[in-house]
Amino acid sequence: MSASSNDTFPTVMHIAAVLEFEEQLLPSLKALRDALERKREFFEKIIKIGRTHLQDATPLTLGQEFSGYVTQLTYGIARLESALPRLRLLAQGGTAVGTGLNTFTGFAEAIATEVSRMTGHDFTTAPNKFEALAAHDAIVEAHGQLNTLATSLFKIAQDIRLLGSGPRCGLGELKLPENEPGSSIMPGKVNPTQCESVTMLCCQVFGNQAAVTFAGSQGNFELNVFKPVMIRNLLHSARLLTDGMTSFRLHLVEGLEADEKRIAALLGESLMLVTCLNPVIGYDMASKVAKNAHKKGLTLKESAMELEALSEGEFDREGTSGLTGSPEAVRASIDEAMRGLEGVKTLNISESVRVDPDVPIEISVQALADLVAFEQNSRLVEAVDRLAERKVVLRVQMTIAWVMRQVRGDDIEVDEMGAEGAEL
537 MSASSNDTFP TVMHIAAVLE FEEQLLPSLK ALRDALERKR EFFEKIIKIG
587 RTHLQDATPL TLGQEFSGYV TQLTYGIARL ESALPRLRLL AQGGTAVGTG
637 LNTFTGFAEA IATEVSRMTG HDFTTAPNKF EALAAHDAIV EAHGQLNTLA
687 TSLFKIAQDI RLLGSGPRCG LGELKLPENE PGSSIMPGKV NPTQCESVTM
737 LCCQVFGNQA AVTFAGSQGN FELNVFKPVM IRNLLHSARL LTDGMTSFRL
787 HLVEGLEADE KRIAALLGES LMLVTCLNPV IGYDMASKVA KNAHKKGLTL
837 KESAMELEAL SEGEFDREGT SGLTGSPEAV RASIDEAMRG LEGVKTLNIS
887 ESVRVDPDVP IEISVQALAD LVAFEQNSRL VEAVDRLAER KVVLRVQMTI
937 AWVMRQVRGD DIEVDEMGAE GAEL
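In structure tokens:
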């Protein structure tokens, strides 16, 4: 028969995996990615508070938050597709130990051609049958990509679950579809069952990953006999993710809405908006406004009005002027500032370095840090912050001064800048 169970079984494993990935898993994943992309576009202009370490951070748009989810799944698609070439290699023709004993010339190639014709998917014969029988690294690799996808889905579902917490005492920034009553005695309670379902099936995939990894290591000499447990767990994980993503898309993502009133209320309560006031009222006054608001439990707007730093109208106009969160806007603003400094020999750091007020910008050392790769030098970031506070200037001024020094090729420490100005 020119065949052995030792090469037939792994051949069937690879055929089943490719069919499952290409006909079921990837279409489901792409549909979910596209649904999240549509939500990203719809939420693009909704400004909300950011959160890091589960604490308030600088603002961004809800669309930007969702763009992270979209990109995670886009990368997930690429990862799964990158595993397919190894799964397309068939072991058939290796017979008992990989030598091809009892086969005839061209048999392995003919099998791959016929399988491709019957399935409509491209398969080729494995170039090394010893690896194809004794090791199943392609299965381990493929499940590793499923594990990464499950990690992404867990994060996305968990975020949406928390953003939809409430209805009164949670974050409540998202309105989850009311697929079923959350409680017979608590009106308005919508349990995040779709999020919970996805996170549970992801946990199962994590467990399957451990089984596949261990089984893949058990190839003794010319044969790995742990084939059944490996393919069972691979297909199980793929089908769980396929069904879970389809349900998550249909019963949650497509019906997801933003509670813009709640988002605006939380944004107004945050003290992180103080970064937008720096170029308007100066660093010192902005600090006073923030500290006063924190001490008295006021909003920034209430604190600014109490300290007579800004009127209500001025705050409404200036308080969110830089909240696009767009890296392109940050770069455009810095480029504008650089052009304004062309030909200047000395930058007086006691003067305000303003950019075009019509160009939004997050005035923060963190935004500039990303621009000039400061994240590789945390000590420098701290030095910029300390020096800016000591000299009573905006952090952005001090950072631009340092950047200009570097552009001109002067490798200096920020603390060496003079008290009155920094030579360029």
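In this note's numbering, the protein residues as written are 537 to 960. Heads up, the beta-carbon is just placed ideally off N, CA and C, and yes, glycines get one too.
Sort the options by Cα distance to residue i and report the nearest one.
i           : options               : result
residue 840 : 826, 833, 853 and 831 : 826
residue 801 : 737, 709, 638 and 641 : 709
residue 676 : 752, 798, 784 and 581 : 752
residue 775 : 653, 679, 577 and 579 : 679
residue 701 : 555, 781 and 728      : 728
residue 575 : 828, 779, 790 and 803 : 790
residue 681 : 848, 610 and 578      : 610
residue 607 : 596, 621, 568 and 583 : 568
residue 674 : 848, 551, 817 and 588 : 551
residue 725 : 653, 843 and 704      : 704
residue 652 : 765, 799 and 555      : 555
residue 798 : 831, 706, 749 and 771 : 706
residue 572 : 842, 817, 831 and 781 : 781
residue 623 : 738, 723 and 767      : 767
residue 804 : 838, 849, 558 and 658 : 838
residue 579 : 566, 587 and 599      : 599
residue 769 : 730, 587, 740 and 783 : 740
residue 773 : 756, 747 and 757      : 747
residue 594 : 817, 813 and 818      : 813
Between which residues of its own chain and residue i is the CB-CB distance below 6 Å, once the five residues before and five after are set aside?
i           : result
residue 806 : 585 and 592
residue 793 : 711
residue 715 : 787
residue 956 : In this prediction, residue 956 scores a pLDDT of 39, lower than 50, which makes its location untrustworthy; the coordinate-derived value is nonetheless stated afterwards. Excluding sequence neighbours, residue 956 sits near nothing in its chain.
residue 888 : In this prediction, residue 888 scores a pLDDT of 40, lower than 50, which makes its location untrustworthy; no coordinate-derived value is stated.
residue 645 : 661
residue 851 : 837 and 840
residue 913 : Confidence in residue 913 is poor, its pLDDT being 48 and thus under 50, which makes the residue's placement unreliable; the coordinate value appears in the next sentence. If we look at residue 913 and ignore the five residues flanking it on each side, it has no Cβ neighbours.
residue 730 : 784, 787 and 788
residue 620 : none
residue 587 : 593
Roughly how many whole angstroms lie between the Cα atoms of residue i and residue j?
i           : j           : result
residue 562 : residue 630 : 30 Å
residue 745 : residue 643 : 34 Å
residue 560 : residue 833 : 53 Å
residue 547 : residue 735 : 32 Å
residue 691 : residue 604 : 11 Å
residue 637 : residue 538 : 8 Å
residue 853 : residue 618 : 49 Å
residue 544 : residue 625 : 12 Å
residue 815 : residue 846 : 13 Å
residue 759 : residue 540 : 12 Å
residue 526 : residue 602 : Absent from the structure is residue 526, since the part of the chain shown begins at 537 and ends at 960.
residue 648 : residue 640 : 14 Å
residue 590 : residue 596 : 15 Å
residue 689 : residue 778 : 12 Å
residue 478 : residue 737 : Outside the displayed span of the chain (537 to 960) sits residue 478, for which this structure offers no information.
residue 565 : residue 764 : 26 Å
residue 785 : residue 808 : 33 Å
residue 614 : residue 650 : 28 Å
residue 549 : residue 612 : 22 Å
residue 570 : residue 655 : 27 Å
residue 616 : residue 723 : 43 Å
residue 713 : residue 720 : 17 Å
Under 7 Å Cβ to Cβ from residue i, same chain only, skipping five residues before and after it: list those, please.
i           : result
residue 742 : 683 and 686
residue 810 : 822, 825, 826 and 836
residue 762 : 751 and 754
residue 627 : 543, 546, 547, 662, 665, 668 and 669
residue 718 : 725, 726 and 727
residue 749 : 676
residue 558 : 657
Excluding the 5 residues preceding and the 5 following residue i in the sequence, name in chain order all residues of the same chain whose CB lies nearer than 8 Å to its CB.
i           : result
residue 796 : 582
residue 848 : 837 and 841
residue 828 : 834, 839, 842 and 843
residue 771 : 552, 553 and 556
residue 831 : none
residue 733 : 780, 783 and 784
residue 757 : 670
Would the C-beta of residue i count as close to the ligand GDP, meaning under 7 Å from any of its heavy atoms?
i           : result
residue 547 : Ligands in the displayed structure: none, and consequently the ligand GDP is not present.
- Complete runs of the beta strand (DSSP E) confined to the region 580 to 666 [at least 3 residues]: Restricting attention to beta strand (DSSP E) runs no shorter than 3 residues, the region 580 to 666 encloses them at 583 to 588 and 591 to 597, ordered along the chain.
- Would you call the region 623 to 639 and the region 653 to 671 touching, i.e. three or more CB-CB distances under 8 Å? Using a Cβ-Cβ distance cut-off of 8 Å, the region 623 to 639 and the region 653 to 671 are in contact, since at least three pairs of beta carbons, one from each stretch, lie closer than that value.
- Would you call the region 650 to 665 and the region 694 to 706 in contact, with 3 or more CB pairs under 8 Å? Judged by Cβ distances under 8 Å, the region 650 to 665 makes no contact with the region 694 to 706, as fewer than three pairs qualify.
- Message: Please give me, in chain order, every unbroken run of the alpha helix (DSSP H) with length at least 4 that falls completely inside the region 735 to 791.
- Response: 763 to 787
- Task: Quick one: which unbroken alpha helix (DSSP H) runs of 4-plus residues sit fully inside the region 658 to 711? Chain order, please.
- Result: Counting whole runs of 4 or more residues, the region 658 to 711 contains the alpha helix (DSSP H) stretches 665 to 670 and 673 to 699.
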